[in-house]
Amino acid sequence: MPLHVHGHARVEHLASALARDLAASSLDPFAVAPIVVGSRGMERWLRHQLATAHGIAANLAFPFPRQALDGMALRILGVAGGGPWWQPDDASRAFGAERLTLPVWQALRARAGHPAFADAAAYLDLAAPAQTGVSARQWAFARQVGDVVDKLMHDRHREALRWARDPAAAGEHAWLAHLLGDVGALHDRSPARVRERLDRAQPSASHTEGHVLRLFCLSTLGPADRELLAALARHVPVVVYALAPSHQWWTDLRSNREAARALARAADVGERSRVLADLATQNALLGQLGAPSRDMQAWIEAQDYTEGTGPAPVGEPERSTALGWLQGWVGDAAPMDTAMPPELVGDGSVELLSCWGALRQAEVLRDRLLDLFQRFPGEVAPRDVLVMTPDAQRFAPLVAAVFARRGRGRAADGTSLELPAIPVHIADMGLRRTNPVAEALIAVLALAEGRVSAPAVFDLLELEAVQTRLGLQADDVADLRTLVDASGMRWGLDASDRGAAGQPELDQNTLEFGLERLACGVLMAPIAPGEVASAEGRALAPHPVE
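Residues -8 to 537, numbered by this note's numbering, are exactly what the sequence shown covers, in order.
Written out as structure tokens, the structure reads:
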């Protein structure tokens, strides 16, 4: 079964093609339709687009590439789990990078006396295999090695299996080869074995009938995932909705980094001049920003694929604005010396605004959007706006706070008007930012994993979920901060906790020390103004608490 590819420079057209394909599908309308996406932001936007096209968007699932590709491979091999094929079961999760940390650590400890593990054992201080507990260095090393093992089984499965079957073939990496075998690389459910079995499997409809693998606007896939996708296409229909920024052949354009490498490899002045001339004339936006799509497009062209059919409005972009001209310039892969018509310069369709600081950027963005909504009422709404930032963790709270402002303002003509809040949804923030309870749980686990310090306790008390559970107000947290500072709490639960961190087992300045001072301060007799309480003969000086 060949690949089916829909390519276009506009994501709206790809969403329309997907909507038509779903409407024309002969599958059970009550069955869940999985669509592979690269982010939760894309999922939310695509769900809205499909709901607009069909009037409803239900029974849709949006898995990420790895879980979808691996799940479909297991489906083809007839390994059915208890749930949908795109949701990994416990056997599949066991080979995830996070789950591999403990098996890797156990294997490292068990093989501490093996000659191939001499360097690792010396680095991790594993001379005594019967030792109890795990140091921070040992756990961090096991976690990093788990990531390497995970990548080997996914990205270089043939080499991973060869090493696991014959560790001597790995040479200086024999210790890693032994680990691959110890964590189960040769197990039938390991990613490496699944891909090996898939390569040998013959196409059959017994396990894949009625299933379609759809991938929407993935900017790129790694080489191993592309190879897996090609293998899946032999067994099940695979439809790729690919963003193609240019309709010209542009895979020979170099990014700045690639050009620098080419210059370093230049054999003579003539070759160096040719590289510089190509770099000076090529389309800079395509060369610098289009590398992920370029690699994906080059791979597609090397496959046996069919192009999508249907009334997709491909057409040329309108070039009556600077934005339209810029889109056409990229679409044509035109050289750098192509000049924009003078009448389009500064028409407002493309703007670069210089702002001082992140907060000011959010404020200027709000002002520009409010102006846009006022000038084009009914044509442009908040749902039509996408705000992109290189650092969502930094800008998301600023955008949310600034966009929520209300108040009086002035229009361009000087008239006074009421400025509304702009509704905003923050996407791609991760579990910690979108689930306050999960954030509190992760913070507590982080306290247990590292040194318990006063600043870490303050950070925990600042969380909304913790304040709600303990019935604390903002003023209460401020008072607690003052008391903790004054009590002398610095780090460590108690003396034994300090000892476990390799420090002297002293009780002073631990949390237990500070709490005892506060408790004694509550029980002590009131002190008159100007009087100093005597601490003579006491093991602990109380801190007065009003």
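Even glycine gets a Cβ: it sits at the ideal position worked out from N, Cα and C.
At least 3 beta-carbon pairs within less than 8 angstroms: the segment 37 to 50 vs the segment 76 to 83: no
Distance, Cα to Cα, G(-2) vs T272? 26 angstroms
Mapping DSSP to helix, strand and coil, what is H105? coil
Segment limits, beta strand (DSSP E) that includes V229: V229 to L234
Given 8 angstroms, three or more beta-carbon pairs between the segment 207 to 225 and the segment 235 to 248: no
Can you list, in chain order, the residues of its chain whose CB lies under 6 angstroms from that of V185, leaving out five sequence neighbours each side? A64
When the Cα atoms are used, what is the spatial distance from D467 to I417? 30 angstroms
Could you work out which residue in S195, L509, L267 and H238 is closest to A251 when comparing CA atoms only? L267
So, V231 versus L206, is the Cβ gap smaller than 8 angstroms? yes
If you follow the alpha helix (DSSP H) that L410 is in, where does it begin and where does it stop? Segment S407 to L410 is the beta strand (DSSP E) holding L410; no alpha helix (DSSP H) there.
Is it the case that the Cβ atoms of A151 and A159 are separated by a distance below 8 angstroms? no
Sort out for me which residues DSSP pairs E298 with in a bridge. V(-4)
For G62, collect the residues of the same chain with a Cβ closer than 6 angstroms to its Cβ; drop the 5 residues on either side in sequence, then sort them by chain order. W76 and W77
Whole angstroms are fine: how far does the CA of P56 sit from the CA of A349? 33 angstroms
If contact is defined by three or more beta carbon pairs under 8 angstroms, each pair taking one atom from either stretch, is the segment 171 to 185 in contact with the segment 139 to 147? yes
Note down the Cα distance separating S195 from G74, rounded to an integer number of angstroms. 21 angstroms
Can you list, in chain order, the residues of its chain with a C-beta nearer than 8 angstroms to that of G29? Leave out the 5 residues immediately preceding and following it. F55, P56, C208, L209 and S210
Compute the distance between the beta-carbons of P236 and G281, then report whether it is under 8 angstroms. yes
Please report the residue range of the alpha helix (DSSP H) in which F394 lies. A383 to F394
Same chain, Cβ closer than 6 angstroms to L51, five either side skipped, listed in chain order: A24
Do you know how far the Cα of L37 is from the Cα of H4? 12 angstroms
Looking at I67: is its Cβ nearer than 8 angstroms to the Cβ of H178? no
Taking the alpha carbon of E249 as the reference point, which residue from G162, G278, T501 and G339 has its own alpha carbon closest? G278
So, helix, strand or coil for R1, using DSSP? coil
Who pairs with G400 in a beta bridge, going by DSSP? L408
P228 to T297, Cα distance in whole Å? 11 angstroms
Anticipated Cβ contact below 8 angstroms, A486 with D498, distance rounded: 4 angstroms
Same chain, Cβ closer than 8 angstroms to G306, five either side skipped, listed in chain order: For G306, the pLDDT reaches just 49, beneath the cut-off of 50, and the residue's location in the model is therefore unreliable, leaving the point undetermined.
Is it the case that the Cβ atoms of L389 and G398 are separated by a distance below 8 angstroms? no
Among A113, L171, L377 and E496, which one has its Cα closest to the Cα of V136? L171
Per DSSP, which one or two residues make a beta bridge with W482? S444
Straight-line gap, L314 to A233 (C-alpha atoms, nearest Å): 22 angstroms
I47 - DSSP class collapsed to helix/strand/coil: coil
Buried/exposed call for G512, threshold 16 Cβ in 10 Å: buried
Proximity winner among L117, Q97 and E89, relative to P106 (alpha-carbon distances): L117
At a Cβ threshold of 8 angstroms, is R285 touching chain D? The structure shown has no chain D; it contains just one protein chain.
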